[in-house]
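**Student:** Quick note on numbering: my numbering labels position 94 of the sequence shown as 94, and the sequence is numbered without any gaps.
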Amino acid sequence: MGTLEKEVLLLISRVRCITELQIYKYLGYKNISRRNIRKTLKKMCNDYTLKKYPINCLCYECKDNSYVYYLNGNKVYKGNDLIKAIIGTEINIRLSIAGYKINRFYRNIKLDQDTFDIYIEYLDYNLIPNQLVIDVDFNNFNTLKYYDLDEKIKKCSIPFFDVPKVLIVSDKKDYEDFYDINVIDFNLTKLFRYI
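(1) Tell me which residue opens and which closes the beta strand (DSSP E) that Q22 is part of.
(2) Indicate the three-state DSSP secondary structure (helix, strand or coil) for L71 in the structure shown.
(3) Do the region 111-126 and the region 145-162 make contact, defined as three or more Cβ pairs closer than 8 Å?
(4) How long is the line joining the alpha carbons of Y26 and I102, rounded to whole angstroms?
(5) Quick check on DSSP: helix, strand or coil for F192?
(6) So, using beta-carbon positions, are Y70 and K51 closer together than 8 Å?
(7) Which residue spans inside the region 126-186 form an unbroken beta strand (DSSP E) run of at least 3?
(8) Quick one: using the 10 Å Cβ neighbour count with 16 as the cut-off for buried, is K30 buried or exposed?
(9) Alpha carbon to alpha carbon, how far is R38 from M44? Give it in angstroms, no decimals.
(10) Considering Cα atoms alone, identify which of I195, L11, S66 and K84 is closest to L21.
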């Protein structure tokens, strides 16, 4: 197994689901050509290390007819869950490319009775640890789950060291100044303003 295959395997094992474009973004900034990446992905699919599926949803990241890659045997996401997975992967990749060190990346964490889409623990440029809880909102969203968040994290198995920052990915702006929630759009244009 070559170093490029190991790097792709490590990346996909961390995020569980990734598009071709996201792989190009992540490995492209390391000066690896698209041709080599495409050949490696094809070889890994032929060796049954990876599985690829066509993207069956409309989302900002999937404008072309590309594929989603999973480790062989991993859960396959569909519909809104696929969009949430792609957005979570995109946030992880953007943080990594910007120089942040990702310590923990979880999907669908439970705090008390509420489920949150993404949890990321990372070190910023000054090596200060930060935590981020992210929810992707399509239309039916319950902001009451952020009420008393500091009490909910005490009952969780994830080792929170502070109350995490809350970020909602949505096209709505109704959440501003409500429980200290920050809102960004689906293109993640203002991501680094709030982390």
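From the three backbone atoms N, C-alpha and C, an ideal C-beta is built for every residue, glycine too.
**Tutor:** If we stick to the structure as given:
(1) Not the beta strand (DSSP E): Q22 falls in the alpha helix (DSSP H), residues E20 to G28.
(2) strand
(3) yes
(4) 14 Å
(5) helix
(6) In contact: Y70 and K51 (Cβ atoms closer than 8 Å).
(7) 129-136, 165-169 and 181-184
(8) exposed
(9) 10 Å
(10) S66
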